[in-house]
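Have a look at the structure below, then the notes.
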Amino acid sequence: MNRFLDLADFSRDQVVDLLDLARRLQERPEPQALAGRILGLLFMNPSLRTLSSFQAGMMRLGGTSFVVTPGQGTWQVETRTGAVMDGGAAEHVREAIPVLASYCDALGLRAFAEGRDLAADLAEAPFQLMAGLCNKPFINLESAVNHPCQALADWKTMDDVGVPRGGRFVLSWVYHPRALPLAVPAAALHMAAQRGMEVVVLRPDGYALPEPIMAKARRAAAESGGTVSETTDRAAALAGAHVVYAKEWGSPAVYGDAEAEAALRRPLADWRVREAWFANARPDCHFMHCLPVRRNVAVADEVLDGPRSRVVQEAANRMVVQMAVLHRLLRG
Amino acid sequence: MNRFLDLADFSRDQVVDLLDLARRLQERPEPQALAGRILGLLFMNPSLRTLSSFQAGMMRLGGTSFVVTPGQGTWQVETRTGAVMDGGAAEHVREAIPVLASYCDALGLRAFAEGRDLAADLAEAPFQLMAGLCNKPFINLESAVNHPCQALADWKTMDDVGVPRGGRFVLSWVYHPRALPLAVPAAALHMAAQRGMEVVVLRPDGYALPEPIMAKARRAAAESGGTVSETTDRAAALAGAHVVYAKEWGSPAVYGDAEAEAALRRPLADWRVREAWFANARPDCHFMHCLPVRRNVAVADEVLDGPRSRVVQEAANRMVVQMAVLHRLLRG
Amino acid sequence: MNRFLDLADFSRDQVVDLLDLARRLQERPEPQALAGRILGLLFMNPSLRTLSSFQAGMMRLGGTSFVVTPGQGTWQVETRTGAVMDGGAAEHVREAIPVLASYCDALGLRAFAEGRDLAADLAEAPFQLMAGLCNKPFINLESAVNHPCQALADWKTMDDVGVPRGGRFVLSWVYHPRALPLAVPAAALHMAAQRGMEVVVLRPDGYALPEPIMAKARRAAAESGGTVSETTDRAAALAGAHVVYAKEWGSPAVYGDAEAEAALRRPLADWRVREAWFANARPDCHFMHCLPVRRNVAVADEVLDGPRSRVVQEAANRMVVQMAVLHRLLRG
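Protein chains in written order, with this note's numbering: chain A, 1 to 332; chain B, 1001 to 1332; chain C, 2001 to 2332.
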């Protein structure tokens, strides 16, 4: 394993193996496994969990890391091929990535979607370009339409709390003051399908996930024995749910058009998860969210502070599963 | 010891023990004492000494650390309970603190006063809330009205230079272009009282410290055999002083009213420490300040660069005493 | 060796020895050589390579480091002696440097030129002041008119690719949207002269390097058997070149006058390195640049992506040579 870009690059069994390794490292720590190894972390966008959990994970395995944050003490970087760099960016990733790769043993990169052109963001072209510039093991810390570390942590969290392989997983759109990227919904959807779950995407009109994302999830479901469907009917979606996974995302229908997007989401502030949503879910239905979450905007306090909430556990599992990823990338 | 929030949580003897441990670690380094241990550092506000001395202190004990700075590469965080998060903050401390705690073995937090409501800042409610969200050893890196690491370093500095237990300690207000928090004056006042000193608070009209802060210091003095008084008379205050501890703070009388505060401080630019202040102090009177200090605004170059100044030594002692705190928290 | 401020502080043989140590550490790593040692890094200005390569270099030798970036989570700092600090800076280097030095075993500082007064920048007075405030080994991470770590990496890069000692080294001015400091051109010029090369400075009218910089290079050349000349004639300069070293810099003739500088550089956008420049250079002529570089503004993609480009190798050598500097400073 030399790249950790997308759970779809791995078979279901390979993911299960990786999670077994994560659990083994929890039970039997290996505090010197990565002694002398250096992880470089390049953040084009803000982070709390990824920033701290990757550093902590390396430390727990005896390794070290450094962080580079363009615009925060480091030059702004250009990603477009062929750009005439007469604007704000002083450095191009064509130099920055190979240079950073030369200093470390593995490199992680966060680069969110640009949010202007849906096809371009779906193609992940800049991210693939950047990954291709790195001749060391490479980790996706969240790209335009993927977040495999989050997906892996979410999978483990469901294992930890006993959600059955074929359980009902409802990915629900929730309100946010502005359009957010598709990375987490796409990754969570695919993960649940790959895990073999009965996946339902619940979202208002205008917020259907792009067909390539849905198709990829259906392919994963087909291989693992799961199913994927979508609906605007909240009551129908949540009936019998094992998990409600809430996520904010921007409308693919008017992608990149901020005004149209704002008009579309304005009447949707009611898409805020409350305890009442769970009336017909399973009594022990879990609530999940990748964080950060806007309290009382996307999700009510009563849910986040209630017994269904797994959000801190998901975040805690970020470090745990990433240690397995790092171990696999750097120890083989 | 599981919390380091306030020197007032410890008896005088316990503080003396902690300082003994600090000195022991200076004399007999333990470069592997905290091997494998991780300190998380969460800075809601700027830092130079705390940021670097905690990292360096962990390294000198064989441990490691990570730093999270909301708004600097990390999401802005909300601290208010029940907030409807439709503003700038994307993340709430109710998630951020437990998540960060899950990655580390001890967590330090800096969160300055809001400076709007004196009673609220004195109550330290947000800080207590945040400390309560952390299930790991927790360190106050400066809260609304406390800075126990600075106070501990100052105590040790006075020990190092031979200031007697019952020496005369003058905490003097000094000028600054704007209102600063009460954390350091409150902490220094209590520390000197707890040490058993003859404490005098020297401040212009309008800058008397809040009664709860004074009362807490008087209680500490009563237990340790010290005294606490206050005055606006500079000559009387400094007569026979062993230590002048300068600090800038905002007027508690017009707390949160920026305009009234500015009017109150405008005529006070003369409250700038100069060598002439020390005319009737003891000849070897020490000058102390927690840093950062605005040269020639709060304190003249002649004092900072003169033989009385202990400011660099105080800052150097930050690392030394914090190593003892970390050792006690993580090794027991 | 207790200071690494300027290659000119060392004889040619001493530099060669340092490069030998760098190569030895590449071939025979010493992963525990600096165990327990702490490097402090103080960045007054942005960085990517220096920031990450120094951290990584310490890690590869078993040491650790911390980073302080005024204005990015840390107070802004004042450098002027005698300043009345009633502006944006809350802290003076007279405190900040000794304090940071007390936490670490070696301190590195980056402080770019102010760009207002040429004589002042050439004198490096603030940097010398700051270096003088540090009682630990001290490293120049780029000052007003020097960048010895870059120069050392460039020297090694030329060794690595077989550029002969007496080869022809063309330092060429290239276009940039605004005036940049003289640090890298000054350091590269001196380095090539000290290496014993046939050095040609190619620059448009108005961009001749200041006489003290040229004179220093001529002195180095005289000692090492090299030569230093300058010209505005690109074809003549590049004829037979072994190396073209491109760099952007501001006009010394109108230093600090932004309007006059902009007028002077406006017609010079053609000073962008393209493959055609190399028509009469040696066929294997190398292209060098310290990075960051603005693609298609200072240098065309065809050169940066072509076989002549050594820019990533130069940056990779930053870590390698800095490990030798750290080893020498901290192990002697």
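Where a beta carbon is used, it is the ideal one built from N, C-alpha and C, also for glycine.
For C/V2093, there are no C-beta contacts with chain A under 8 Å, since the nearest C-beta of that chain is about 18 Å from it. The alpha helix (DSSP H) runs lying completely inside the stretch 242-327 of chain A and spanning 4 residues or more are 258-265 and 301-304, given in chain order. Secondary structure at A/W155: helix, using DSSP grouped into helix, strand and coil. Judged by DSSP secondary structure, A/L109 falls outside any alpha helix (DSSP H) and instead within the beta strand (DSSP E) spanning A106 to R110.
At least one CB atom of chain C sits nearer than 8 Å to the CB of A/W75. In the three-state DSSP reduction, B/T1081 falls in the coil class, being neither helix nor strand. In this structure, the straight-line span from the alpha carbon of A/N146 to that of A/S53 is close to 18 Å. B/T1069: not part of any alpha helix (DSSP H); DSSP gives it neither H nor E. Its Cα nearest to that of A/E142, the residue A/L5 stands out among A/A106, A/L5 and A/R331. For A/V297, at least one C-beta of chain B is nearer than 8 Å to its own C-beta. Legend: CB atoms of the stretch 282-295 of chain A lying less than 8 Å from CB atoms of chain B belong to residues L291, P292, V293, R294 and R295. Residue pairing by DSSP places A/F10 opposite no residue, since no beta bridge is assigned to it. For C/G2132, the uninterrupted alpha helix (DSSP H) segment begins and ends at A2125 to G2132.
Per DSSP, C/T2232 lies in no beta strand (DSSP E) and is assigned neither H nor E. Within chain A, V312 have C-beta atoms less than 7 Å from the C-beta of B/P1098, given in sequence order.
Taking a Cβ-Cβ threshold of 7 Å, the residues of chain B close to A/F43 are G1073, in chain order. Contact residues of the stretch 1128-1155 of chain B toward chain C are absent (C-beta to C-beta distance below 8 Å). With distances taken between CA atoms, B/H1092 lies nearest to B/T1081 out of B/T1081, B/A1101 and B/M1214. DSSP places C/E2211 inside the alpha helix (DSSP H), whose first and last residues are E2211 to S2224. The residue among B/L1061, B/E1248 and B/W1271 with its C-alpha nearest the C-alpha of B/P1031 is B/L1061.
No residue range can be given for B/L1061, since it is assigned to no beta strand (DSSP E) and is classified by DSSP as neither H nor E.
Membership of A/V93 in the alpha helix (DSSP H) is indicated by the continuous run V93 to Y103. Counting other Cβ atoms within 10 Å of its Cβ, C/D2233 stays below 16 and is therefore classed as exposed. When the Cα atoms are used, B/R1318 and B/T1050 turn out to be separated by approximately 8 Å. About 5 Å separates the Cβ atoms of C/L2171 and C/Y2245, confirming a contact at the 8 Å cut-off. The DSSP-derived three-state label of B/G1040 is strand. In this structure, A/R37 keeps its C-beta atom at 8 Å or more from the C-beta atom of A/A131.
Nearest C-alpha to C/Y2207 among C/S2224, C/A2215, C/L2182 and C/K2136: C/L2182. Rounded to the nearest whole angstrom, the C-alpha separation of C/R2116 and C/A2125 is 14 Å.
T2064, F2066, V2068 and Q2072: these are the residues of the stretch 2060-2072 of chain C whose beta carbon lies less than 7 Å from some beta carbon of chain B, given in chain order. Beta bridge pairing from DSSP links B/W1075 with no other residue. For C/R2195, the enclosing alpha helix (DSSP H) covers residues A2183 to R2195. By the criterion of a C-beta distance shorter than 7 Å, B/P1070 is surrounded in its chain by M1044, Q1076 and V1077, once the five residues flanking it on both sides are discounted. Inter-residue distance for B/V1312 and C/L2133 is about 11 Å (C-alpha atoms, whole angstroms).
With respect to B/A1106, B/A1144 sits apart: the two C-beta atoms are not nearer than 8 Å.
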